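Here's the structure, in C-alpha cells; my notes come after.
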DNA sequence: ACCGGCTATGTAATCGATTACAGTCAAATT
DNA sequence: AATTTGACTGTAATCGATTACATAGCCGGT
C-alpha cells in the first residue's frame, strides 16, 4: 500500500540495465538502442516511475520553472496572457510561478529573489516600472534570461513582446475624428509608465494629423484601474469646456469612466463617445458595448513564453545585444468598433 | 565577474564553522549559540549566499510548492483568490503553481501529474467537477494533502473553504421578494456543479418561504460565463410569460444577461430586476451597478492556503476523516444592494 | 591483421543542502 | 570526585538523477 515511490534504480533493475541507461533512454532516446529503450519504457510503465524533479534540477543546475512578474494579479487584463504563458510552458515541461510585484513586500524583493537566486530559469516581466538597475549591470552572465511582455524598459536591450501602442492609440483617435469629433480628451495611465507615453504620443499623432489642437486640460491622469476611471469622470465634470469624445488608455478606466458619467446622467455615446484599449472580455458586454483597441492577449503570452524558452536554450546569445533586441516582437492590434462611440451632437 | 554562486560550504568556511552549523543557523536558529548565529548571518551577508532549493527539497523529500487547480484561469472571479493564496504561500516560503483544469490536455492528466507525482506538497482545488475517484482510493498515504475552495466534492471527506451558497442565494431572492417581486426567474450554472445545486436550493428556499410557486420555465441553465448570460437572455425573450426579476448564479452571467437585454431595449431595473453572485470588481461599475452577493474572495484564498499549510505540517492527521472534515471552513457572505434591482412595474 | 572510429552501455563522481550520529565541554548532580 | 546532563558543533551519509569518463564490441579501411 504505502510502497515508496519507485526510483530510477528500480526501473534499471527491472529493465536489466544501468541507471545511466535509463536516464538516457528517457531524456535522450537517440543515445540508446531501440530494444533497450523499449525495455526501459516497459519497466517505467510497470513501476509507475516518475522522475524526481528536485534531483534532476539539482544535478542539471536549473530549476524547471519560469517566473512571471505581474503588476496586480487581480487585473483581468493579465489573465489571458498568463493562460498563454502557462500553455506554452507546460508543453515544455516548465512550471510557471506567478508573483505580484505590487504586493506589500515590494517588487524589489521579488526581483532579487527570482533574478539573482536560482529560483527560476527565466523571467517574463509584465511590469515596466521596475528598478532598471536590476536588469542591467555587468554580472548578467549568472542570471536567467528575461523577457518583457506588454510593458518594457526604455533605453535597454531587453527583448520584449509588445503591440504598437502608439499606432493603437492613433487608430482609436482617428476613429473618433472620422466620426466628426473635434474636441477629444484623453484619460491616460500613470505618467511614468511606458504604455502611457506611447499611447499619449499616438493620441497626439492623430490630433496633429487632423490639425486639431491638443488641449492640455483634457488630459486626465489615471492609473489604468477601474477606480481611476471613476475619478477621471469627476475631473471631466469639473471641466468648464468639455470634450465630446474621450480616449481611455485602458478598458478598465473606460468602464469606470462611463459608469460614473452614467451615474450623473451623462449618456454614452449620446453625450460623449468613449474608446478604450485592450478589449478585455467584458468590453463587448458593457452598456454600451465598448469600442476599443484589441490586443491579442493570449498570443502575447504564448509568444513571450516561446521566445523566453528559446533564450533559455541558447545561453550564449545573451551576450549579443543585437541578437537580444531581435528577440523582441511586435504583434498586431486592431480597432473594434462597438456602440460606445458615435457622431458628436454638434455634427449630427 | 562570473563568480559562481556561493554554496553553503563557502559560508561555512568564512564563518569558521561546519556546513551543518550553517544549515542549522539558517533553518533552526534555536539550535546554535547566539554568537555562532551572528557569525553565520554575517558570512551569509558577505557572500550573498542564497540556498539552493533543489538541494534542500531533494534532501527533505518535498517540493517546496503547492499547486492550485483552477477551472478557467481567464475567469476574473479567481484572480483575487489566487492573489490571497499567493500571499500566504509566499510568506511560508512556498511557490504557487497554477494549472488550468479546462486546458485541452484535460484535467485528469493535470491531477495525475500533480497528485500522484512528487511535484507538489499540497493542492488547492477550485474545481468541483473532477473525477472523484482521483481523490479517494486506498493509497492516499503517499499523496499530498488536498484542500478544496469555493467548490468541493459532495459526499467526500475532503475539507473545503466555502461560503454558504444556499444562504447567499436565499438572501438574493428574499431581497427581490421584499421589493415586491412575485415572478422570479433563475439563471443557473451547469447542472453538475455543486454551486449550481446549492444556489438553486437557496432560490427555492426563498420562494417556498414566501409561498411563491417555482415556475420551472423560469429556470434557465448557464455555465457561469458571460457568454452563457447572453444566451440566457435569448431564452428569456422566448418566454411567453416573463419573470419581473432574475437571480443569476454568477456576476459574469448577470452582466451578459443585462447586456443582451439592453441590446433589445429591455431596461434594468425598470423592466427586470437582476441580482448576481460573487461581487467581482467590475460589478459596482456596471450600468446599472449590480446588486449581488459578495464573497470574500481574497479571504477564501488566504484561508485555504493557511489550512493547507497546516495539513502539510501534520501529515498524520490526514488519516482521521473527522479531523479532515473539521479543517473545512464556511466564510461569511453578504448582500450588496445596488441599482440593478427595484420594485416591479406592477407593484409600483 | 591492425587501427581508428562509432555505437551502446556501465561505473562512479557529482549537484548542494540536511540530519543522524558522535563527540566535546562545561555546568549540575550525587 | 565521579557522573550525568545539556548545549553546541562537527563528520559524513544521504536524497535521486545526470553525465564525464571508461570500456566493450563492431565495422571498415589499409
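Protein chains in written order, with the numbering used here: chain G, 209 to 556; chain Y, 209 to 556. From the three backbone atoms N, C-alpha and C, an ideal C-beta is built for every residue, glycine too. Keep in mind the model is a prediction, meaning the values are calculated, not measured.
- Taking one beta carbon from each stretch, the region 389-408 of chain G and the region 425-437 of chain G have 3 or more pairs nearer than 8 Å; the two touch.
- DSSP places residue 456 of chain G in the uninterrupted beta strand (DSSP E) bounded by 453-456.
- Interface annotation for the region 485-500 of chain Y against chain G: 488, 489, 490, 492, 493, 494, 495, 496, 497, criterion Cβ-Cβ distance under 9 Å.
- Shown in chain order are the members of the region 449-469 of chain Y whose Cβ falls below 9 Å from a Cβ of chain G: 460, 463, 464, 466, 467, 468.
- Here the C-alpha atom of residue 283 of chain G lies approximately 12 Å from the C-alpha atom of residue 461 of chain G.
- For the region 259-285 of chain G, the set of residues with a beta-carbon nearer than 7 Å to any beta-carbon of chain Y comprises 260, 261, 262, 263, 265, 266, 271, 281, 282, 284, in chain order.
- With a threshold of 16 other beta carbon atoms within 10 Å, residue 411 of chain Y meets it and is buried.
- Look at residue 522 of chain Y: its C-beta is not under 7 Å from any C-beta on chain G.
- Counting along the chain, residue 295 of chain Y sits inside the alpha helix (DSSP H) bounded by residues 287-299.
- Distance from the CA of residue 215 of chain Y to the CA of residue 291 of chain Y, rounded to the nearest whole angstrom, comes to 33 Å.
- DSSP lists Y:277 as the beta-bridge partner residues of residue 307 of chain Y.
- If you draw a straight line from the Cα of residue 331 of chain G to the Cα of residue 516 of chain G, it is about 8 Å long.
- Membership of residue 234 of chain Y in the alpha helix (DSSP H) is indicated by the continuous run 227-235.
- The continuous alpha helix (DSSP H) containing residue 511 of chain Y extends over residues 505-521.
- Of all alpha-carbon atoms in Y:371, Y:445, Y:485, Y:488, the one lying nearest the alpha-carbon of residue 470 of chain Y is that of Y:445.
- Of the residues G:377, G:378, G:337, G:549, the one whose Cα lies closest to the Cα of residue 364 of chain G is G:337.
- When only Cα atoms are considered, residue 434 of chain G and residue 377 of chain Y end up about 27 Å apart.
- For the pair residue 293 of chain G and residue 509 of chain G, the CB atoms are nearer than the 7 Å cut-off.
- Residue state for residue 537 of chain G is assigned as strand, using DSSP reduced to three classes.
- Approximately 6 Å separates the beta-carbon atoms of residue 277 of chain G and residue 335 of chain G; this is inside 8 Å, confirming the contact.
- The three-state reading of DSSP puts residue 413 of chain Y in helix, counting H, G and I together.
- Judged by beta-carbon spacing, residue 370 of chain Y lies beyond the 7 Å limit of residue 230 of chain Y, meaning their Cβ atoms are not closer than that value.
- For the options G:280, G:437, G:271, G:415, the alpha carbon positioned closest to that of residue 388 of chain G is the one of G:415.
- Taking all protein chains shown into account, residue 394 of chain Y has 16 or more neighbouring C-beta atoms within 10 Å of its C-beta and is therefore buried.
- Contact annotation: the region 540-552 of chain Y touches the region 480-495 of chain Y, with at least three C-beta pairs closer than 8 Å.
- Between the C-alpha atoms of residue 467 of chain G and residue 357 of chain G there is a straight-line separation of about 30 Å.
- Each residue's CA atom was taken as its position, placing residue 513 of chain G and residue 352 of chain Y some 29 Å apart.
- The residue from G:355, G:476, G:534, G:380 with its alpha-carbon nearest to that of residue 520 of chain G is G:355.
- Taking a Cβ-Cβ cut-off of 7 Å, the neighbours of residue 308 of chain G in chain Y comprise 291, 294, given in sequence order.
- Annotation: Cβ neighbours of residue 304 of chain G in chain Y (cutoff 8 Å, chain order): 305, 306.
- When the five nearest sequence neighbours on each side are left out, the beta carbons in the same chain lying within less than 6 Å of the beta carbon of residue 441 of chain Y are those of 465, 468, 469, in order along the chain.
- In this chain, the alpha helix (DSSP H) harbouring residue 436 of chain Y covers 434-446.
- In the structure shown, residue 222 of chain Y adopts helical secondary structure according to DSSP, grouped into three states.
- Here residue 501 of chain G is not near residue 285 of chain G, since their CB atoms are 7 Å or more apart.
- Taking C-beta atoms under 8 Å as the contact rule, residue 219 of chain G and residue 255 of chain G qualify, at a distance of about 6 Å.
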